[in-house]
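Participant: Residue numbers (the numbering used here): 103 to 248. This is the structure I have questions about; it appears just below.
Okay, structure coming up:
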């Protein structure tokens, strides 16, 4: 897939950038990111859609490292909770709990602690895991560390 230069970057993470392009969001993964993991992510999202949890349609593109998806308007999580990390944690915890409690037999949604452990490295991982551990103990009902 080739963009025509009118795309606007709206997000960036460790493995991908997200662009706004003709009304859709395009997640463009680094070429080093395994295509089978991208396919797995699409499969998981389709299962979440089928369960009626969150309707974000994913579309195939001619490049296995690019996912086209419906654009979800709103403020990015990292921006909305920049000065309130506990609020961000609670929002993530609520989302993870909601998905874990849903009847979705064909998904593999990892606990927040496992997600943080896999997605972060070095000092960021250590800081995130210690915050998750602290807040999980504070809000035992969330079960985020298991």
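We put the beta carbon where it would ideally sit given N, CA and C, even for glycine. The structure displayed is predicted, hence computed values, not measured ones.
1) Ignore the nearest five residues each way along the sequence and tell me which others in residue 187's own chain have a CB closer than 8 Å to its CB.
2) Excluding the five sequence neighbours on either side, which residues of its own chain have a C-beta within less than 6 Å of the C-beta of residue 151, listed in chain order?
3) Would you mind sorting residue 236 into buried or exposed? The rule is 16 or more other CB atoms within 10 Å of its CB.
4) Please name the residue, chosen from 159, 200 and 229, that lies closest to residue 126 on a Cα-to-Cα basis.
5) Please report the residue range of the alpha helix (DSSP H) in which residue 174 lies.
6) Thinking just about the alpha-carbon of each residue, which of 148, 174, 200 and 133 is nearest to the one in residue 167?
7) Please list, in chain order, all residues of the same chain as residue 114 whose beta carbon is under 8 Å from its beta carbon, the five residues on each side excluded.
8) Between the alpha carbons of residue 176 and residue 109, how many angstroms are there, rounded?
9) Got a sec, what are the start and stop residues for the beta strand (DSSP E) residue 158 sits in?
10) If you run the structure through DSSP and keep just helix, strand and coil, what is residue 124?
11) Closer than 7 Å by C-beta to residue 145: which residues in its own chain qualify, once you throw out the five before and the five after it? Chain order, please.
12) By Cβ distance below 6 Å, which residues in the same chain neighbour residue 243 in space, the five residues on each side in sequence not counted?
13) Kindly list the residues whose CB is nearer than 7 Å to the CB of residue 178, restricted to its own chain and excluding five residues on each side of it in sequence; keep chain order.
14) Whose CA, out of 117, 104, 123 and 225, lies closest to the CA of residue 111?
Facilitator: With the structure as the only source:
1) Around residue 187: 233.
2) If the five residues before and after residue 151 are omitted, its C-beta is found closer than 6 Å to the C-beta atoms of 157, all from its own chain and listed in chain order.
3) Result: exposed.
4) The shortest Cα separation from residue 126 among 159, 200 and 229 belongs to 159.
5) Segment: none, residue 174 is in no alpha helix (DSSP H) and carries neither H nor E.
6) Closest option to residue 167, judged by alpha-carbon separation, among 148, 174, 200 and 133: 133.
7) So the qualifying residues of the chain are 120.
8) Each residue's alpha carbon lies about 18 Å from the other.
9) If you look at residue 158, you'll find it isn't in any beta strand (DSSP E); DSSP assigns it neither H nor E.
10) Reduced to three states, the DSSP call for residue 124 is coil.
11) Around residue 145: no qualifying Cβ.
12) Since pLDDT at residue 243 reaches only 46, below the 50 mark, its modelled position is unreliable, and the value read off the structure follows with that caveat. The answer is none, since no qualifying residue turns up.
13) A distance below 7 Å between beta-carbons, with the five flanking residues on each side excluded, links residue 178 to the following residues of its chain, in chain order: 113.
14) Of the listed residues, the one whose Cα sits closest to residue 111 is 123.
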